[in-house]
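Asker: Residue numbers 172 to 506, in this note's numbering, belong to the letters of the sequence shown in order.
All C-beta atoms, glycine included, are put in the ideal place defined by N, C-alpha and C.
Since this is a predicted model, take the numbers as computed values, not measurements.
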Amino acid sequence: MATLVTGAAGFIGSHVAHRLLDRGEEVVGLDNVNDYYDPTLKEARLARLMTREGFSFLRLNIADRSAMEAAFAKGRFPRVVHLAAQAGVRYSISHPHAYVESNIVGFQNILEGCRHHGCTHLVYASSSSVYGGNASLPFSVHDNVDHPLSLYAASKKANELFAHAYSNLFGLPTTGLRFFTVYGPWGRPDMALFLFAKNMLEGKPIDVFNHGKHTRDFTYIDDIAEGIVRTLDRPARPNDAFNAMDPDPGTSSAPWRVYNIGNSAPVQLLRYIEVLEQELGRTATMNLLPLQPGDVPDTCADVEALVKDTGYRPATTVETGIERFVAWYRAYYGV
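1. Which whole-angstrom value is the C-beta distance of phenylalanine 243 and valine 198, which I expect to be below 8 Å?
2. According to DSSP, is asparagine 203 part of a helix, a strand, or is it coil?
3. May I have the straight-line CA-CA distance separating serine 263 from aspartate 388, to the nearest angstrom?
4. Whether or not the stretch 306-316 and the stretch 335-345 are in contact is what I'm after, with contact meaning three or more pairs of Cβ atoms, one per stretch, closer than 8 Å; do they touch?
5. Opposite histidine 292 in the DSSP bridges: which residues?
6. Run through the DSSP bridge pairs and tell me what isoleucine 377 is partnered with.
7. Among the residues of its own chain, which have a CB less than 7 Å from the CB of asparagine 370, if the five just before and after it don't count?
8. Looking at the structure shown, is asparagine 431 part of a helix, part of a strand, or coil, going by DSSP?
9. Among residues of its own chain, excluding the 5 on either side of proline 309, which ones have a beta-carbon nearer than 7 Å to its beta-carbon?
10. Quick check on serine 299: does DSSP put it in helix, strand or coil?
11. With DSSP as the reference, label serine 321 as helix, strand or coil.
12. Would you call the CB atoms of histidine 253 and alanine 296 closer than 9 Å?
13. Does the Cβ of glutamate 214 have 16 or more other Cβ atoms within 10 Å, making it buried, or fewer, making it exposed?
14. Can you tell me whether glycine 246 is buried or exposed, with buried defined as 16 or more other CB within 10 angstroms of its CB?
15. Using C-beta distances below 6 Å, list every residue in its chain close to proline 360, excluding the 5 sequence neighbours before and after it, in chain order.
16. Apart from the five residues on each side of it in sequence, which residues of its chain come closer than 7 Å, Cβ to Cβ, to threonine 422?
17. DSSP puts alanine 407 in a beta bridge; with which residues?
18. Could you round the C-beta distance between aspartate 466 and phenylalanine 380 to whole angstroms and report it? I think they count as a contact, below 8 Å.
19. Using C-beta distances below 8 Å, list every residue in its chain close to histidine 288, excluding the 5 sequence neighbours before and after it, in chain order.
20. Identify every residue that forms a DSSP beta bridge with tyrosine 391.
21. Taking the beta carbon of lysine 479 as the centre, do at least 16 other beta carbons fall within 10 Å, making it buried, or is it exposed?
22. Cα-Cα, which of Asp393, Tyr483 and Thr390 is closest to aspartate 404?
23. Between the Cα of leucine 343 and those of Val489, Tyr354, Arg286 and Ser298, spot the shortest distance and give me the residue it belongs to.
24. Give the straight-line distance between the Cα atoms of proline 468 and serine 300, rounded to the nearest whole angstrom.
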């Protein structure tokens, strides 16, 4: 009885699959290995997984309804970690249909598969971007999140709402995880750390938005993977103290939960760049630019709900995380 991990060729998905395999579990990975960013990197992640005992792979698009129905009917996965999605805040401005197809239609197919084929817990990727226009820090799962600033954020909020409806109607335990700026080895080439390292090593300038003044709750990939596995092991349960007269946005009378997974230690972007400069032994030439549409100035995760329910608190510093990323980058690209 294998756990299904969608997005298994992706950054987070590949790490989660390895984490589950390390525990001796069987994993079925699913990914369409699209070209949103370099498919070569995705294939390399996948090649590492294919060497592992207990891993098998389905090359499918989650938006393909009939293919997903067949996959769930055959696999009857008792647990599902859904990480496949169209990522990127800025990309959503120019390619809105990609987000509806993958993040809405695809998520609906996942929910239907779980509903009809005996899934006992669905854990899925949400995002810190759902906090949108919220300015009160740290961001708490008990905050209202009705003001998304990008289509990407809106699609992730929609996932949480769809999941709640399925939890309420069909008793399907679902847990949404709001990730905060994930980085580390095998990361995505479209994200800041990867772009910065590549350009700095090639002697090119880097684009620094909001003049480097915004802060991010940078969260190391191993902390994210551990948080996912911890929540997967604890199926969502109804909150017996839920008050419909004063509803808590972070819990429900249905078996539904959302958690933040962040380091709870925001770092200014300029400091992030400074640490990278030290690890690379290069000084960055910076193009200082204004805040981009859809971006938020600052993020910080309140993870007390995660700590209370799973006993886990992310804690890897950016100094440690960037050091490990640079070591991987140099080895992988032979720099």
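Answerer: Reading off the structure:
1. Between valine 198 and phenylalanine 243 the Cβ distance is about 16 Å, and since that is not below 8 Å, they are no contact.
2. coil
3. 22 Å
4. no
5. Arg250
6. Met457
7. Pro376 and Ile377
8. strand
9. Ser435, Cys471, Ala472 and Asp473
10. helix
11. coil
12. yes
13. exposed
14. buried
15. Tyr208 and Asp209
16. Asn410, Phe413 and Arg428
17. In DSSP, alanine 407 forms no bridge with anything.
18. 7 Å
19. Phe243, Ala244, Gly246, Arg247 and Phe248
20. Tyr354
21. exposed
22. Tyr483
23. Arg286
24. 11 Å
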